[in-house]
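The numbering used here runs 4 ahead of the 1-based position in the sequence shown.
Each residue gets a CB set at the ideal place from its N, CA and C atoms; glycine is no exception.
Quantities reported herein were computed from a predicted structural model and do not represent experimental measurements.
Taking it in order: structure first as structure tokens, then the write-up.
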Amino acid sequence: MQRLLRPRNDDQRAAATRLVNVVFVALITWLLAGALPVPVDSILTSSLLTEASHR
Numbered sequence: 005m006q007r008l009l010r011p012r013n014d015d016q017r018a019a020a021t022r023l024v025n026v027v028f029v030a031l032i033t034w035l036l037a038g039a040l041p042v043p044v045d046s047i048l049t050s051s052l053l054t055e056a057s058h059r
């Protein structure tokens, strides 16, 4: 049973970890966007603009 649950190699483990991280970040972002009165579009636009200005 343990052998079935364990990923076969590091690539699968990394892919699974990445998938979990993406889902987790998306969930947190969605919760924050729902909790904040500011529209998501303006948050994304402002964060992209600040990233672009720092380069």
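| message | Between the alpha carbons of A18 and L36, how many angstroms are there, rounded? | response | Near 27 angstroms, if we compare the C-alpha coordinates of L36 and A18.
| task | Could you tell me the distance, in whole angstroms, from the CA atom of V29 to the CA atom of Q16? | result | In a straight line, the C-alpha of V29 is about 20 angstroms away from that of Q16.
| said: Beta-carbon within less than 8 angstroms of V24's beta-carbon, same chain only, minus the 5 sequence neighbours each way: which residues are those? | reply: Around V24, the same chain offers no residue with a beta carbon nearer than 8 angstroms, after the five sequence neighbours per side are excluded.
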